[in-house]
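Protein chains in written order, with the working numbering: chain A, 779 to 951; chain B, 779 to 951.
Glycine included, every Cβ here is placed at the ideal spot set by N, Cα and C.
All remarks here apply to the structure that follows.
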DNA sequence: CGATATTATTTTAAGTATAAAATAAATTTC
DNA sequence: GAAATTTATTTTATACTTAAAATAATATCG
C-alpha cells in the first residue's frame with residue numbers, strides 16, 4: 779500500500795488552533811503535545827520490551843538516583859503525583875520484589891524505599907535502552923537547539939513556580 | 779514564619795540529575811516537569827472554580843473548535859488518548875447534559891459528538907478564565923522567549939514524529 | 001454476490017491518579 | 001508536660017487511562 783511512507787499528518791490538539799489564538803495558549807498546547815508524544819512512545823516501548831509501565835520505571839529511576847532511598851513524601855514530590863498514588867505504586871513494586879521498605883529509625887511514621895538487588899539489576903538493564911529511545915526521538919534536533927530548549931524550559935519552569943495559582947498563593951499575611 | 783516567601787526550592791524530577799547526564803534525558807525530564815506543573819495548576823483551578831476536570835475541559839475545548847462536532851475517533855486522535863477513554867468521558871459529559879451524540883447518517887457505527895447549548899455556555903464561561911491562568915503562568919517569559927520556545931517545540935514535535943519507536947515503525951513491506 | 005478485511009466504537013480488566021478523610025506519630029506551645 | 005498543631009502515610013471513593021478483546025458496520029476483492 780505505502781511504498782514511501784510519509785510521516786502521518788499530525789492531527790493533534792493543535793489541529794484546530796488559529797493564528798489569532800493567544801501565543802501562551804498555543805505554547806501550552808504544543809508543550810502538552812510534545813510531552814504526550816514522548817510519554818506514549820516511552821510507555822509503549824517499556825511495555826513491549828520490558829513488560830513494565832512508565833510510573834513503575836519512573837519510581838525506580840528516582841530510587842536509582844537516591845542511593846540512600848527516599849521516603850514516600852520525597853517520592854511524591856519528585857514524581858509530582860499525590861502521596862496516595864505512591865502508596866499503591868510502591869505496594870505493587872514491593873510485591874514484584876523490585877523495591878523494599880525500610881522503616882525509619884528516627885520517625886516511626888515514615889519508611890525509606892529503595893531498590894532491591896533485583897530491582898537495581900532490572901533498572902540497570904532498562905536505563906541504557908530507555909536513554910536510547912529518548913536520544914532517538916530527539917535526533918533531529920541540533921545540540922544548540924537542545925541547549926536552547928533546555929534553557930527556555932528552565933525559564934518557563936521558574937515562571938510557573940512564581941505565578942502559579944495554587945493553594946499556597948494569596949495572603950502572605 | 780515566612781515574612782517574605784521565597785519560591786520553594788524545586789524538588790522535582792530534576793533534583794537528582796547530574797551535570798554529566800545526557801542532555802536529551804535532562805531535556806525530557808524538564809519538559810515533563812513543565813508539563814506536569816502547568817497541568818496540575820490548571821487541574822486544581824478547574825476543580826476549585828468550575829468543579830470540573832481537565833479531561834472534561836479538554837474534550838469540550840476540542841468540540842468548541844469543531845463547529846460540526848467530532849467523531850469518537852477524531853476526539854481520540856486530537857486528545858491523544860485511547861479510544862476507550864473517550865467513550866467513558868463522553869458518557870459522563872452526556873450525562874451532565876454538556877455534550878450530545880448524534881448518530882451519523884452515512885455510517886451507523888459512528889456518531890458526531892457536539893456541545894449542547896448548556897455545554898457551550900459552560901465552556902464559554904470557563905475559557906477566558908482558563909486563558910488567564912495560562913497567561914499568568916507564562917508571565918515571566920518575554921514575547922521572544924515564547925516565540926522561540928514555540929518554534930523549538932515545533933522542531934521537537936517533528937523529531938519525535940519522525941523518529942518515534944511506535945508500532946508503525948519497522949518493515950514497510 | 002459473498003468471503004475477507006478494515007474501521008468505529010464499546011467493553012473489560014487492570015493499573016494509575018486525585019482529593020479528601022482517617023490514622024498515627026512527631027512537634028510546638030503554653 | 002499535656003493540649004493543639006503539624007507532618008507522614010494510608011485509606012477511601014471516584015475518575016481517568018490503557019491495552020486488548022469483542023461487537024458491529026462498512027469496504028474490498030475475487
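Task: chain A residues whose Cβ lies nearer than 8 Å to that of residue 928 of chain B - done: Your numbering for residue 928 of chain B matches position 150 in the second chain. Using a Cβ-Cβ cut-off of 8 Å, residue 928 of chain B is close to 801, 804, 805, 808 of chain A, given in chain order.
- [ ] Using beta-carbon positions only, say whether residue 924 of chain A and residue 801 of chain B come within less than 7 Å of one another.
- [x] To locate residue 924 of chain A, count along the first chain from 1; it is residue 146. To locate residue 801 of chain B, count along the second chain from 1; it is residue 23. The beta carbons of residue 924 of chain A and residue 801 of chain B sit closer together than 7 Å.
Task: Where residue 879 of chain A sits in the DSSP three-state scheme - done: Reading the first chain from its first residue, position 101 is the one you call residue 879 of chain A. In the structure shown, residue 879 of chain A adopts extended strand secondary structure according to DSSP, grouped into three states.
TODO: Would you mind telling me which residues of chain B sit closer than 8 Å to residue 861 of chain A, beta carbon to beta carbon, in chain order?
DONE: In the first chain, residue 861 of chain A corresponds to position 83, counting from 1. Under the 8 Å cutoff, chain B gives no residues; its nearest Cβ is about 14 Å from residue 861 of chain A.
Task: Extent of the continuous beta strand (DSSP E) to which residue 893 of chain A belongs - done: Against the first chain, residue 893 of chain A aligns to sequence position 115. Unbroken beta strand (DSSP E) run through residue 893 of chain A: 889 to 893.
TODO: List the residues of chain A that residue 790 of chain B touches, going by C-beta distances under 8 Å, in chain order.
DONE: Your numbering for residue 790 of chain B matches position 12 in the second chain. When 8 Å is used as the limit between beta carbons, residue 790 of chain B is near these residues of chain A: 855, 856, 858, in chain order.
Open item on the list: Just to make sure I have the definition right: I need the residues of chain B whose C-beta is within less than 8 Å of the C-beta of residue 932 of chain A. Which are they?
Closed with: Looking up residue 932 of chain A in the first chain gives position 154. Within chain B, the residues near residue 932 of chain A are 808.
- [ ] Run down chain B in chain order and give the residues with a C-beta less than 8 Å from the C-beta of residue 815 of chain A.
- [x] Translated into the one-based positions of the first chain, residue 815 of chain A becomes position 37. Within chain B, the residues near residue 815 of chain A are 858, 935, 938, 939, 942.
- [ ] Using a cut-off of 7 Å between C-beta atoms, extract the partners of residue 907 of chain B located in chain A.
- [x] For the purposes of this step, residue 907 of chain B is identified with residue 129 of the second chain, where counting begins at 1. By Cβ distance, chain A contributes nothing, its closest Cβ being about 10 Å from residue 907 of chain B, past 7 Å.
TODO: Just grab the DSSP bridge partners of residue 848 of chain B for me.
DONE: Numbered from 1 along the second chain, position 70 holds the residue referred to as residue 848 of chain B. When DSSP reads this structure, residue 848 of chain B sits in a beta bridge with B/891.
Open item on the list: To the nearest angstrom, how far is the alpha carbon of residue 849 of chain B from that of residue 832 of chain B?
Closed with: Locating residue 849 of chain B in the second chain gives position 71, where the first residue counts as 1. Locating residue 832 of chain B in the second chain gives position 54, where the first residue counts as 1. In this structure, the straight-line span from the alpha carbon of residue 849 of chain B to that of residue 832 of chain B is close to 20 Å.
- [ ] Please state if the CB of residue 892 of chain B and the CB of residue 847 of chain B are separated by a distance shorter than 7 Å.
- [x] Taking the second chain and counting its residues from 1, one reaches residue 847 of chain B at position 69. Taking the second chain and counting its residues from 1, one reaches residue 892 of chain B at position 114. Their beta carbons are under 7 Å apart, which means residue 847 of chain B touches residue 892 of chain B by this criterion.
- [ ] Below 7 Å CB to CB, which residues in the same chain sit around residue 900 of chain A once its five sequence neighbours on both sides are set aside?
- [x] For the purposes of this step, residue 900 of chain A is taken as residue 122 along the first chain, with counting starting at 1. Same-chain partners within the cutoff: 876.
- [ ] Kindly confirm or deny that the segment 813 to 827 of chain A and the segment 905 to 917 of chain A touch, where touching means at least three C-beta pairs closer than 8 Å.
- [x] Yes: at least three Cβ pairs fall under 8 Å.
Open item on the list: What ranges does the alpha helix (DSSP H) occupy inside the segment 805 to 850 of chain B, keeping only unbroken runs of at least 4 residues that lie completely in it?
Closed with: Given a length threshold of 4 residues, each whole run of the alpha helix (DSSP H) inside the segment 805 to 850 of chain B is given here in chain order: 832 to 843.
TODO: Locate the alpha helix (DSSP H) running through residue 937 of chain A, then write down its first and last residues.
DONE: One-based indexing of the first chain puts residue 937 of chain A at position 159. Element bounds for residue 937 of chain A: 921 to 941.
Task: chain A within 7 Å of residue 877 of chain B, Cβ atoms only - done: Start at 1 with the first residue of the second chain, and residue 877 of chain B comes out as number 99. Judged by the 7 Å Cβ criterion, residue 877 of chain B is not in contact with chain A.
- [ ] Note down, in chain order, every chain B residue with its Cβ under 7 Å from the Cβ of residue 903 of chain A.
- [x] As a first step, residue 903 of chain A must be located in the first chain, where it is residue number 125. Per Cβ cutoff of 7 Å: no residues; residue 903 of chain A is ~17 Å from chain B at best.
TODO: Label residue 907 of chain B either buried or exposed according to how many other C-beta atoms from any shown protein chain fall within 10 Å of its C-beta, with 16 as the threshold for buried.
DONE: On the second chain, position 129 is the one that residue 907 of chain B refers to. By the neighbour-count definition (other C-beta atoms within 10 Å, threshold 16), residue 907 of chain B is an exposed residue.
- [ ] Go through its chain and collect everything with a Cβ distance to residue 896 of chain B's Cβ below 8 Å, but skip five positions before and after it.
- [x] In the second chain, residue 896 of chain B corresponds to position 118, counting from 1. A distance below 8 Å between beta-carbons, with the five flanking residues on each side excluded, links residue 896 of chain B to the following residues of its chain, in chain order: 875, 876.
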